[in-house]
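Numbering (the UniProt record's numbering), first residue to last: 1 to 432.
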Amino acid sequence: MKCDKTIPRMKRKSGHCRTRSEELPNQVGERESFQFFVCQSLLLKDKLKAERERGITIDIALWKFETTKYYCTVIDAPGHRDFIKNMITGTSQADCAVLIIDSTTGGFEAGISKDGQTREHALLAFTLGVKQMICCCNKMDATTPKYSKARYDEIVKEVSSYLKKVGYNPEKIPFVPISGFEGDNMIERSTNLDWYKGPTLLEALDLISEPKRPSDKPLRLPLQDVYKIGGIGTVPVGRVETGVLKPGMVVTFGPTGLTTEVKSVEMHHEALQEALPGDNVGFNVKNVAVKDLKRGFVASNSKDDPAREAANFTSQVIIMNHPGQIGNGYAPVLDCHTCHIAVKFAEIQTKIDRRSGKELEKEPKFLKNGDAGFVKMIPTKPMVVETFSAYPPLGRFAVRDMRQTVAVGVIKSVEKKDPSGAKVTKSAAKKK
């Protein structure tokens, strides 16, 4: 793509990729937007006092910058184990993972150990569908000796071996030796690392394959909030995950089946003629009370595979952090898109090898840490989920219990309920 050289700069905190293109209409089409997340916060200065004092990043921070090819949104995700749920939320939006590896003596060994964060983050990224990765060997200024090629080679060998087991192809992953503190190989090539001939971090970002935006799929827009705005009415807010949302469209909200017409769509206080995947929007709906919609509901096109309540679903689950054994009847909370609802593990169908997918045991009595299996789940309240293959953002989840993430998974099949007696507003009925 032809573009002027731009030194990346941090923009205001934001989660949206399209605004830069809107500000520069003559450059639209020259650069694509994409999102990536940083595992462990070593590239960005921690912003909040509480985070500085703890030396860690607590929440998902969204920052923007530009490369010569892309508009980038950084989802700065926590590296600390206490905040893994926040990281899962960030990972699920990412087009590429940037895995930050501590290259210091002891630091690397801790991260790559059996329970280390480097291992956990790589596994999570792959499980949650982040297909592209860049590895940064950080703190190269603090190795022994400083900027040690031998240490870099050792790290590349060991991390590559693990990434291959997880499911990545390490030959397609750049390993960039950097120092976030000194700025080595971040933007410009460093003379301290002249033995390294590969791309800088900035150049590696430009080598990422352009993400495909699922605008050709049916609409799925999980609601984050619902507002009542004086003089306008009910305004649901959320991120378009798949498909397109337009004014005049008749939408169905799952799981209730409520159907109505969209009056208008807005982003950053500007009217849109269409909202595309990745857009965080508010949209005004006709003749619907705020109490009829909730966070976790999913807006869909009533004429194109409308969202429906899940009666039950079968998932491939990896148990990551549970102190005991998980058996039939277990009822933790499932975090899936914007929905947080308790589900029952109705039937553990099989235990499988988590890397090869090969069946190890039929109808096991329980699953424990490190195990993977297929589980039939039943929601305790109405909810919308989809298969990962059809709608990835609505088909991956984290399992929460005891204030921690105990498992992650992807949905393989869904049995849906037929909506009966759902409300259809007058404007929607006219359009049908």
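All C-beta atoms, glycine included, are put in the ideal place defined by N, C-alpha and C.
For the region 167-211, the continuous beta strand (DSSP E) assignments of 3+ residues that do not extend past its boundaries occur at 175-177, in sequence order. Of the residues Gly198, Phe181 and Ala150, the one whose Cα lies closest to the Cα of lysine 172 is Gly198. By the Cβ-count criterion, aspartate 353 is exposed, with fewer than 16 other Cβ atoms from all chains shown falling within 10 Å of its own Cβ. Of the other Cβ atoms in all chains shown, 16 or more fall within 10 Å of the Cβ of isoleucine 348; this residue is therefore buried.
When C-beta atoms of the region 260-269 are compared with those of the region 208-226, fewer than three pairs fall below 8 Å, so the two segments do not count as touching. For proline 306, same chain residues with a beta-carbon under 6 Å away, outside a window of 5 residues either side, are Thr252 and Ser300 in chain order. With a 10 Å radius around the Cβ and a threshold of 16 neighbouring Cβ atoms, isoleucine 319 comes out buried. The continuous beta strand (DSSP E) containing lysine 416 extends over residues 404-416. Judged by DSSP in its simplified three-state form, lysine 165 adopts helix. An exposed status is given to isoleucine 229, since fewer than 16 other beta-carbon atoms sit within 10 Å of its beta-carbon. In the DSSP assignment, methionine 133 forms a beta bridge with Ala97. In the DSSP annotation of this structure, the continuous segment of the alpha helix (DSSP H) that includes phenylalanine 108 starts and ends at 107-112.
Proline 332 is a Cβ neighbour of valine 399, given a cutoff of 7 Å. Annotation: leucine 219 to asparagine 138 spans about 40 Å, alpha carbon to alpha carbon. Isoleucine 341 sits close to lysine 381, with the two beta carbons spaced by under 7 Å.
Secondary-structure assignment with DSSP links isoleucine 319 through a beta bridge to Ala407. With 16 or more other CB atoms across the displayed protein chains lying within 10 angstroms of its CB, serine 179 is buried. For lysine 246, the CB contacts under 8 Å within the same chain, skipping 5 residues up- and downstream, are Val262, Val265, Gln273, Glu274 and Ala275 in chain order. The Cβ-Cβ distance between leucine 193 and proline 177 falls below 7 Å. Under the three-state reduction of DSSP output, proline 277 falls in the coil class, being neither helix nor strand. Where threonine 118 is concerned, there is no enclosing beta strand (DSSP E), although the alpha helix (DSSP H) around it starts and stops at 117-127. Listed in chain order, the non-local C-beta contacts of alanine 428 below 6 Å within the same chain comprise Val250, Thr259, Thr260 and Glu261, local neighbours out to five positions each way being set aside.
For the pair tyrosine 70 and glutamine 132, the Cα-to-Cα distance works out to about 15 Å. Counting only the Cα atoms, phenylalanine 366 lies some 25 Å from alanine 122.
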